[in-house]
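Peer 1:
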């Protein structure tokens, strides 16, 4: 896994459908291309939603981490 | 507007002209019986926010391109040509309409404004002016279907992490051994039922507890039920999104697919996808069945405040599930009161048709004033519903209009009131 | 009355003007002067309206109606169920009841419902009343000088049409109305008013109209028998032009009907059935 530093953390814990994806779509254009954000979520669906979203929008998921009840997703703006 | 686009849009319009649509376009007498049917028009008194106001935008385009009078006497029907102004009006009509079809209840002919707005939405896609967020969400859903194998393992891990939450609501899995011995079975061969949730553990955990309590042989879908293709009016994408779940259900050989509390997802699956080798039911129907079969029991002492129920449009008047939630509520509490108006006459929450996903907070709050007033007039402490979209909108209304209510999913209240073996309870 | 009618028919047969003495005779005499030039052209125009155009417009109406309805109903069906719930036990019966009874209007605007009922019932009686003029159909005794309803049917449709028109100028109703809504109502209103004039003149004045119901019966029977005779020979007096105008307007209605919102009369049942028919397999 490549080295990267996260610019900021976005807390999407407990959000309802389809807000995690809606929010990341709104937030990502606010950071520079090449930057990485950390997303915190409790939504198990995010683990397939975020990669599918990244594929659709041309961005990248660098890594996902899971702890009990918490999911961390590292999103890099590529476009 | 360049004539090529104009021609393309006309052709697109033509593809939507089925027999029902032609009747919806030809039959309106402008009697005005729908003038106060729409929650938007009732909250913001402008003609463009009435059912007939919206429909006429599409009819004016129809008269221009598909009626003789459009050529020789365009003034007769105040026709509209495809140009930027018209497309703006089309957008405003389509995306101020939640597709609730309350106006269809009041129309002496039963004209379906949601269908007419589906023409509007198709034209907007053709003109590349649809809400890009909804298209993106649809594409994401389809991409998720294509790449599902790659993410199954991490999804399974996340589901395992949620098992404790399910067991806290109901202490066991459906069966002690075998495929149904996990609190949330995934890809469980031999399952009778496939449960399709949404993004968010809240849409899976309580439902899992209820199904386990009923000893259902169920399996959890890898997909989310919501259908953004339907919201944006793209029938091809709508079908592709639903097809992911159909394929999954057929692969598992289930007899039934239960759809999470989500109105659009339910109606698309039950009424729009044709005959399938399985039955489609709303989750609230499943709860009602468990109760009537005595497979679960609810403790009535849990709720001691007035509870009301908001009929989600796509589940009740458009989906046919009206009495089931009421039976569930009566099993749950003695303090159930109806909203007025209710059932097929209930006011839409104001969040349907993709509006919640699109944000649109200011419009949603302004356009649902009548809904907030109806909620307040019920004097209920808790408003329950069986749709994610409605739940989000009702929560926003509750806050914006300071109604001081609690907004709850019906399934959550049921899960919390499940009577455990050996527990004392009140019926 | 009978004497007057006799005098009229006698005058008709006579080529030379009958001896002056009664008003009727004078009127008849005036119309018997051989026309030339513009007056002749006008006679021909009136004849076209009263005979060939009646056939043509009626034929057009029937063909256009059938073609349009078949085309609409034969379009591909909607790709999925569009029913509204709660489902009705007998969907087609429900659709029929809604088409005829308009319960949605009754519930939300009872005054409009009454007007609509009066109008639509009146319209049906109007069709019947016109058919009754034919010698072979006798809902009202043929000797009676009254049409069906003795002018009451005309009153039903005229008053309700005025109500509809007035309504279209009020607030929101004005905003949802389009020019063709007003024009169609205006067309109906003028036709009704002329009809009222003819039928009232017939039944409400002591001497009757210059043209009697029996005269109209002859005209109708001539049309039914395709004699192509000039009705001017039967229908006397300068009021004839009003009758022609009434017929022109009726023909105009026949011509625009298949392309107007009056199509709701024929589509009400199938469109209501779309709302009531539950066919999803689940």
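Residue numbers (our numbering), protein chains in the order written: chain W, 5 to 83; chain L, 110 to 536; chain E, 880 to 1161.
For glycine and all other residues, C-beta sits at the position ideal for the given N, C-alpha and C.
(1) When Cβ atoms are compared, which residues of the region 217-233 of chain L fall closer than 9 Å to chain E?
(2) Under 8 Å: do the region 206-218 of chain L and the region 237-257 of chain L share three or more Cβ pairs, one atom per stretch?
(3) For the beta strand (DSSP E) that residue 1157 of chain E lies in, which residues bound it at each end?
(4) Between which residues of its own chain and residue 449 of chain L is the CB-CB distance below 6 Å, once the five residues before and five after are set aside?
(5) Give the straight-line distance between the Cα atoms of residue 349 of chain L and residue 152 of chain L, rounded to the nearest whole angstrom.
(6) Listing by chain order, which chain L residues have their CB less than 8 Å from the CB of residue 1058 of chain E?
(7) Return the CA-CA distance between residue 143 of chain W and residue 227 of chain L, expressed in angstroms with no decimal places.
(8) Using a Cβ-Cβ distance cut-off of 8 Å, determine whether residue 368 of chain L contacts chain W.
(9) Going by DSSP, what residue range makes up the beta strand (DSSP E) through residue 66 of chain W?
(10) With DSSP run on the structure shown, which of helix, strand or coil describes residue 1056 of chain E?
(11) Would a check of beta-carbon distances place residue 906 of chain E closer than 8 Å to chain L?
(12) Going along the chain, which residues of the region 123-145 of chain L sit with their C-beta nearer than 8 Å to a C-beta in chain E?
(13) Which residues of the region 301-318 of chain L have a Cβ closer than 7 Å to any Cβ of chain E? Give them in chain order.
(14) Can we count residue 412 of chain L as close to the ligand NAP, meaning its CB is less than 7 Å from some heavy atom?
(15) Beta-carbon of residue 249 of chain L versus every beta-carbon of chain E: anything under 8 Å?
(16) Just mark residue 81 of chain W as buried or exposed, buried being the case when its beta carbon has 16 or more other beta carbons within 10 Å.
(17) Between the Cα of residue 981 of chain E and those of E:997, E:966, E:1069, spot the shortest distance and give me the residue it belongs to.
(18) Per DSSP, what kind of secondary structure is residue 994 of chain E in: helix, strand or coil?
(19) Just the chain L side, please: which residues come within less than 8 Å of residue 963 of chain E by C-beta, in chain order?
(20) Distance cutoff 8 Å, beta carbons only. Does residue 267 of chain L sit that close to anything in chain W?
(21) So within the region 485-520 of chain L, which uninterrupted alpha helix (DSSP H) runs reach at least 4 residues, ignoring any that extend past its ends?
(22) Kindly indicate if chain E contains any beta-carbon less than 8 Å away from that of residue 375 of chain L.
(23) According to DSSP, is residue 194 of chain L part of a helix, a strand, or is it coil?
(24) Could you give the uninterrupted runs of the alpha helix (DSSP H) lying entirely in the region 915-952 of chain E, keeping only those of 4 residues or more?
(25) Kindly list, in the order they appear in chain L, the residues whose Cβ is closer than 7 Å to that of residue 14 of chain W.
(26) Considering residue 374 of chain L, what are the terminal residues of the alpha helix (DSSP H) in which it resides?
(27) Kindly indicate which three-state DSSP category residue 1141 of chain E falls into: helix, strand or coil?
(28) Does the beta-carbon of residue 352 of chain L have 16 or more other beta-carbons within 10 angstroms, so that it is buried, or is it exposed?
(29) What residue range is occupied by the uninterrupted alpha helix (DSSP H) comprising residue 322 of chain L?
(30) Once the 5 residues before and after residue 355 of chain L are set aside, which same chain residues still bring their CB inside 7 Å of it?
(31) Quick one: which chain L residues come within Cβ less than 9 Å of residue 56 of chain W?
(32) Please report whether the beta-carbon of residue 35 of chain W lies at a distance below 8 Å from any beta-carbon of chain L.
(33) Name the two residues that bound the continuous beta strand (DSSP E) containing residue 145 of chain L.
(34) Report yes or no: do the region 256-264 of chain L and the region 312-328 of chain L share at least 3 C-beta pairs separated by less than 8 Å?
(35) My output table needs one value for residue 456 of chain L: the three-state DSSP class, helix, strand or coil.
(36) Which one or two residues does DSSP pair with residue 15 of chain W in a beta bridge?
Peer 2: Taking the structure as given:
(1) 217, 218, 219, 220, 221, 223, 224
(2) no
(3) Here residue 1157 of chain E refers to the residue found at position 278 of the third chain. No beta strand (DSSP E) contains residue 1157 of chain E, which DSSP labels as neither H nor E.
(4) Here residue 449 of chain L is taken as the residue at index 340 of the second chain, counted from 1. So no residue of the chain qualifies.
(5) Along the second chain, one-based indexing puts residue 349 of chain L at 240. Along the second chain, one-based indexing puts residue 152 of chain L at 43. Put simply, the backbone Cα of residue 349 of chain L is about 36 Å away from that of residue 152 of chain L.
(6) As a first step, residue 1058 of chain E must be located in the third chain, where it is residue number 179. The CB of residue 1058 of chain E comes closer than 8 Å to the CB of 184, 185, 186, 187 in chain L, given here in chain order.
(7) Because chain W spans 5 through 83 in this model, residue 143 of chain W falls outside it and cannot be assessed.
(8) Working through the second chain from its first residue, we reach residue 368 of chain L at position 259. No, its Cβ sits nowhere closer than 8 Å to a Cβ of chain W.
(9) Mapped onto the first chain, residue 66 of chain W falls at position 62. 64-71 is the span of the beta strand (DSSP E), which, as asked, contains residue 66 of chain W.
(10) Position 177 of the third chain, counting from 1, holds the residue named residue 1056 of chain E. Residue 1056 of chain E: coil per DSSP, three-state reduction.
(11) In the third chain, residue 906 of chain E corresponds to position 27, counting from 1. Only weak support is given to the placement of residue 906 of chain E: the predicted model assigns it a pLDDT of 49, under 50, and the value that follows is read from those uncertain coordinates. Taking Cβ atoms only, chain L never reaches closer than 8 Å to residue 906 of chain E, which makes this a no.
(12) Going along the region 123-145 of chain L in chain order, one finds 126, 127, 128, 129, 130, 131, 132, 133, 135, 136, 137, 138, 139, 140, 141, 142, 144 with a Cβ nearer than 8 Å to chain E.
(13) none
(14) This structure does not include the ligand NAP; it has no bound ligands of any sort.
(15) Walking along the second chain from the start, residue 249 of chain L turns up at place 140. With 8 Å as the cut-off, residue 249 of chain L does not count as an interface residue toward chain E.
(16) Mapped onto the first chain, residue 81 of chain W falls at position 77. Residue 81 of chain W comes out buried.
(17) As a first step, residue 981 of chain E must be located in the third chain, where it is residue number 102. The option with the nearest alpha carbon to residue 981 of chain E is E:997.
(18) Reading the third chain from its first residue, position 115 is the one you call residue 994 of chain E. Of the three classes helix, strand and coil, the one that applies to residue 994 of chain E here is helix, per DSSP.
(19) To locate residue 963 of chain E, count along the third chain from 1; it is residue 84. Residues of chain L passing the Cβ test: 210, 213, 214, 219, 426, 427, 453.
(20) Numbered from 1 along the second chain, position 158 holds the residue referred to as residue 267 of chain L. Yes, because at least one Cβ of chain W sits closer than 8 Å to the Cβ of residue 267 of chain L.
(21) 497-509
(22) To locate residue 375 of chain L, count along the second chain from 1; it is residue 266. No - not a single Cβ of chain E is within 8 Å of the one on residue 375 of chain L.
(23) Numbered from 1 along the second chain, position 85 holds the residue referred to as residue 194 of chain L. For residue 194 of chain L, the secondary structure class from DSSP, reduced to helix, strand or coil, is helix.
(24) 916-929, 931-952
(25) Locating residue 14 of chain W in the first chain gives position 10, where the first residue counts as 1. Here the premise fails: no neighbours, minimum Cβ distance about 15 Å.
(26) Against the second chain, residue 374 of chain L aligns to sequence position 265. Unbroken alpha helix (DSSP H) run through residue 374 of chain L: 372-376.
(27) Within the third chain, residue 1141 of chain E is the residue found at index 262, counting from 1. DSSP places residue 1141 of chain E within a helical segment (H, G or I) once states are collapsed to three.
(28) As a first step, residue 352 of chain L must be located in the second chain, where it is residue number 243. Per the 10 Å Cβ criterion, exposed.
(29) Along the second chain, one-based indexing puts residue 322 of chain L at 213. Per DSSP, residue 322 of chain L belongs to the alpha helix (DSSP H) from 314-322.
(30) For the purposes of this step, residue 355 of chain L is identified with residue 246 of the second chain, where counting begins at 1. Correct list, in chain order: 382, 385.
(31) Here residue 56 of chain W is taken as the residue at index 52 of the first chain, counted from 1. What residue 56 of chain W touches in chain L: 248, 249, 250, 251, 252, 253, 254, 255, 256, 257, 260.
(32) Translated into the one-based positions of the first chain, residue 35 of chain W becomes position 31. Chain L, which has no Cβ nearer than 8 Å to the Cβ of residue 35 of chain W, makes this no.
(33) Along the second chain, one-based indexing puts residue 145 of chain L at 36. From DSSP, residue 145 of chain L is part of no beta strand (DSSP E); its letter is neither H nor E.
(34) no
(35) For the purposes of this step, residue 456 of chain L is taken as residue 347 along the second chain, with counting starting at 1. Note: residue 456 of chain L maps to coil in three-state DSSP.
(36) Within the first chain, residue 15 of chain W is the residue found at index 11, counting from 1. Its beta-bridge partners are W:44.
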